[in-house]
Structures are given as C-alpha cells and as structure tokens.
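Structure record follows, encoded as structure tokens.
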Amino acid sequence: MPNFPVKFGNSEFLYKATCERDESLIKVSQSSEEFFIQIREKKDVILVKADKISRPSQVVFVQQALRDFRDLCECSVVFSNIESQKIKNKKKFDVIKDIDFFADKFKNEKEMWIEVGFGSGRHLLYQAKKHKDIQFVGLEIHKPSIEQVAKQCEIQSIDNISILDYDARIFLEFLNSNSVGKIFIHFPVPWDKKPHRRVISSEFIGESIRVLKPNGTLELRSDSEKYFNYSIEEFFKLSKLNININKNKDLDISSKYEDRWKKQAKDIYDITLKNEEISKEKQKIGKIGFDSRYEFVKIVKNFQKVVKNEKDFFLHVEDIFIINENKGLIKISFGASTKNERVYVEFTKDRVSYFPDNILETKANKQAHNLLLEWLKDTIK
Ligand SMILES: C[S@@+](CC[C@H](N)C(=O)[O-])C[C@H]1O[C@@H](n2cnc3c(N)ncnc32)[C@H](O)[C@@H]1O
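Mind the numbering: the sequence shown is residues 50 to 430 in this note's numbering, read in order.
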C-alpha cells in the first residue's frame with residue numbers, strides 16, 4: 050500500500066482511513082471532485098471499489114481513480130470491470146449541477162418545470178426542446194441515466210435543462226413558493242414492499258402545492274394500480290383539491306418504461322393535480338455545519354455505535370474510520386425517517402465537517418444533527 054498523500058495519473062490520493070473490519074476508505078481528489086474509494090483486504094487479495102455515499106454523479110471520475118490506484122499499487126489484476134471502451138468521456142458536464150447551485154445561486158428568472166426520475170430522459174429532452182422559454186430541472190438518482198441525459202443535452206445543444214443527482218423528496222424544499230409551472234412524475238418506482246421510499250406522500254404533495262404557481266400542475270403517470278390507489282388516498286388527505294384522472298391517455302411522447310408497459314397491454318393511470326393556491330414565501334434553506342471542534346482521540350476512545358429513532362427523524366452512528374490519532378471519520382445515516390441521508394463526518398485537528406458537505410437545513414436534518422451533537426458531547430466526556 051502506498052504512503053499518502055500521493056499523486057498518480059489524474060488522481061491525488063489524500064489519505065487512508067481504516068475501520069476495524071479490515072476495510073479502508075481512500076480519499077481521492079480528481080478534476081475538482083472529492084470522493085472515497087473503498088478497499089477491503091482479504092488474505093492476499095484486495096477488493097477496490099467505489100464508495101456509494103460519496104460517489105460523484107459522473108462515474109468516469111471513479112473509474113479513473115480506480116485505474117490510477119491499480120497502476121499506483123502495481124498489483125496484478127484478478128478481476129476488473131473498469132477496463133472498457135465505455136470509459137471515454139472524462140469531461141464534467143455543465144448541465145449537471147450540485148445541490149449548492151440551487152441552495153445559493155439559483156434564480157429562476159424563467160418559469161421552471163421539474164421532472165422527477167427522468168430515467169432515459171426521453172420525456173425531459175422532448176419537453177425541453179419543445180418549450181425553449183422554460184427552465185427544466187431534471188431530478189434523478191441513477192447515475193448512468195444522469196450521464197446519458199447530460200451527454201444528450203450536449204449533443205443536441207439543449208441549454209434549458211439543469212440535471213441534479215438528488216432525491217426528489219427533499220429537493221422541493223429548496224425552491225421558492227409559487228415558482229414552478231409543472232412537476233412531472235412519470236412511472237415512479239412503486240416500492241410496494243418499501244412504501245416509505247415512494248416519491249408521492251402527503252408531505253411531497255404539500256411541498257408541490259407550495260412551489261407550484263397558481264394553475265401549476267403536478268402530473269403523475271403510473272402503470273401500477275396499487276401506486277395509483279395509494280396516491281389517490283394521499284391526494285385526498287388535502288382539505289381542498291382539484292384533480293383530474295385519466296386512464297390510458299396518450300401523450301405526445303412515450304417514455305422507455307411506457308413502451309414496455311404498452312407492449313404488455315398494461316393500463317396506465319394519470320393523476321393531474323392543479324394548484325389553486327398562492328402559498329406563503331419560505332426562508333431559503335442553507336447547509337448544516339459544525340461550530341465546535343471535537344478531539345478525535347476522545348471519540349476513538351469512547352466510540353460506540355448508536356441507533357436513535359425518534360418519531361419523525363433518526364440517527365444511526367454506524368462506524369469509525371481512523372486516519373491517525375487526530376484525524377478520522379465516522380459514518381452515519383440520519384435525517385427524516387422517510388428520506389435518510391448517508392454521510393461521513395470528517396474530523397481533523399482544526400475542523401469538523403460533513404462529507405460530502407451537502408447536508409441541508411431541512412427540519413428533520415436539523416433535529417437529527419442536534420442528536421448527533423448530543424452524541425458527540427457524550428462521547429468526548
Ligand atoms: C421506473 S423509472 C421511470 C423513468 C422514466 N420516468 C420513464 O418513464 O422511463 C423511475 C426512475 O425514478 C428514479 N427515482 C426513484 N426515486 C427517486 C427519487 N426519490 N428522486 C429522484 N429520482 C428517483 C429512478 O432512479 C428511476 O430512474
């Protein structure tokens with residue numbers, strides 16, 4: 050194993066942090082992205098892979114880091130899935146934005162339309178080309194889809210889309226009230242066995258109404274009768290409601306999923322909610338950080354995993370990774386019970402920060418962050 054920090058190829062390997070289970074994280078800096086790669090040592094074999102929590106939206110950066118690390122270590126490769134002709138484009142796409150862009154700089158001078166879970170992007174690209182005066186925001190959590198659609202925006206010179214690798218259930222909290230013309234949710238994952246992961250919930254509907262302009266619409270399209278019925282129930286929790294329901298309505302453009310369901314002769318359900326309210330403005334959401342420093346040496350000494358579940362939020366402290374006496378990481382999962390955040394907390398002598406540093410001041414995150422501060426206080430006693 051090399052000594053850190055070390056530069057090799059296009060990557061800088063900043064440090065190695067190790068936990069008890071012969072598992073390590075190596076922090077990589079590359080093309081203005083920072084993330085971890087994971088190392089697991091088993092007898093005389095080392096398994097090196099991307100870390101899911103910190104993985105950047107463009108998988109090419111991770112692939113490059115993995116290849117640089119392999120070459121740096123001069124290991125013989127037993128198996129690899131990063132060698133391929135697929136690895137061509139190592140360019141950062143302008144159309145892919147970080148959440149900070151929406152938290153700080155974003156001004157929607159044009160009317161905004163949002164597509165949740167755009168997948169192959171057929172509908173998003175079609176709408177953006179058709180409505181050049183609209184600023185589109187495409188939300189997706191599947192990284193290959195994000196890159197694929199970003200590439201299409203470039204090839205087709207589409208400049209009115211911003212793509213964001215972010216959970217749609219949290220995103221709306223960033224937007225000004227009465228600022229969005231349309232929200233499309235086409236064929237969301239039904240999550241029949243994990244309903245808490247569904248995009249549609251009374252909370253999401255409430256936030257949609259807040260961000261929609263008067264006469265703005267939330268358009269849900271699904272092939273799942275169960276999801277349709279569930280959604281109807283969620284919509285009817287509102288005291289006042291204007292919805293329109295359609296079955297097997299044809300749209301101008303058919304998505305990849307839709308084509309599949311149509312071939313199987315499945316029914317397709319549409320629910321369109323029309324907003325009729327003017328909502329109150331809401332304070333912009335910032336990011337959560339730490340004001341105090343904590344001595345990492347004390348955290349290591351007293352570290353204990355913890356599971357704290359409150360009614361609407363939770364904190365799980367899952368693991369500790371040590372860089373040296375004064376530096377290290379803890380791995381946590383926290384936030385709202387319906388939309389959890391997985392993140393590391395990075396401790397150095399001078400500062401404590403979340404990594405990736407994108408924990409937003411949502412109500413549940415603030416409550417969960419306070420639980421973490423209590424845990425830190427107890428741990429360093
Ligand atoms: C079944 S696919 C449908 C894709 C596309 N709308 C279509 O019709 O072809 C659902 C998509 O939603 C994305 N997704 C699921 N949960 C999400 C969330 N909370 N925020 C953003 N995207 C999400 C998934 O990654 C997936 O690409």
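We put the CB at the ideal spot given by N, CA and C, even for glycine.
Where does residue i sit, in a helix, a strand or coil, going by DSSP?
i, result
"Q134", "Any reading at Q134 must be qualified, since the residue scores a pLDDT of 48, below 50, and its modelled position is unreliable; the value itself is stated next. Residue state, collapsed to three classes: coil."
"H245", "helix"
"V111", "helix"
"K347", "helix"
"L287", "coil"
"N157", "coil"
"S129", "coil"
"N373", "strand"
"I183", "strand"
"K101", "coil"
"L121", "helix"
"E330", "coil"
"M50", "coil"
"S211", "strand"
"S341", "coil"
"D368", "strand"
"K315", "coil"
"D106", "The question names Asp, but residue 106 is Ser in the sequence shown. Coil at S106, not helix or strand."
"F277", "helix"
"I302", "coil"
"F363", "strand"
"I163", "strand"
"I408", "coil"
Since residue i is in the beta strand (DSSP E), which residue starts that stretch and which ends it?
i, result
"W310", "Element bounds for W310: not the beta strand (DSSP E) but the alpha helix (DSSP H), K305 to K312."
"A177", "No beta strand (DSSP E) holds A177; the alpha helix (DSSP H) holding it covers R171 to K179."
"A385", "K376 to A385"
"L63", "S60 to T67"
"V356", "V355 to N358"
"R89", "E82 to K91"
"D319", "Y318 to K323"
"N295", "I292 to K296"
"K388", "K388 to F396"
"V401", "V401 to F404"
"K76", "E72 to Q79"
"V55", "V55 to F57"
Who are the near neighbours of residue i in its chain, counting only those whose CB is closer than 6 Å to its CB and skipping five residues on each side?
i, result
"N351", "T428"
"K231", "W162 and T266"
"N293", "T321"
"A199", "F142, V144, I145 and I212"
"I259", "Note on identity: in this sequence residue 259 is Arg, with Ile being the wrong assignment. Around R259: S226 and S328."
"I25", "Outside the displayed span of the chain (50 to 430) sits residue 25, for which this structure offers no information."
By Cβ distance below 7 Å, which residues in the same chain neighbour residue i in space, the five residues on each side in sequence not counted?
i, result
"E283", "I249, S250, S251 and I254"
"V356", "H365"
"V346", "E374 and N375"
"L173", "E164, F167, F185, G187, V198 and I210"
Quick one: what's got a C-beta closer than 8 Å to residue i's C-beta in the same chain, skipping five residues either side?
i, result
"I86", "L74, I75, V77, V97, K98, A99, D100, V111, A114, L115 and F118"
"R171", "I302, S303, S304 and K305"
"Q120", "The amino acid at residue 120 is misidentified as Gln; the sequence shows Asp. The answer, listed in chain order, is F57 and G58."
"K192", "R104, S106, Q107, V108 and D214"
Which residue marks the beginning of the alpha helix (DSSP H) containing residue i, and which one marks its end?
i, result
"V198", "K192 to I204"
"L425", "K412 to T428"
Query raised in the report: In chain order, which continuous runs of the beta strand (DSSP E) of length 3 or greater are located wholly inside the stretch 215-269?
Result: Counting only runs of 3 or more, we get 229-235.
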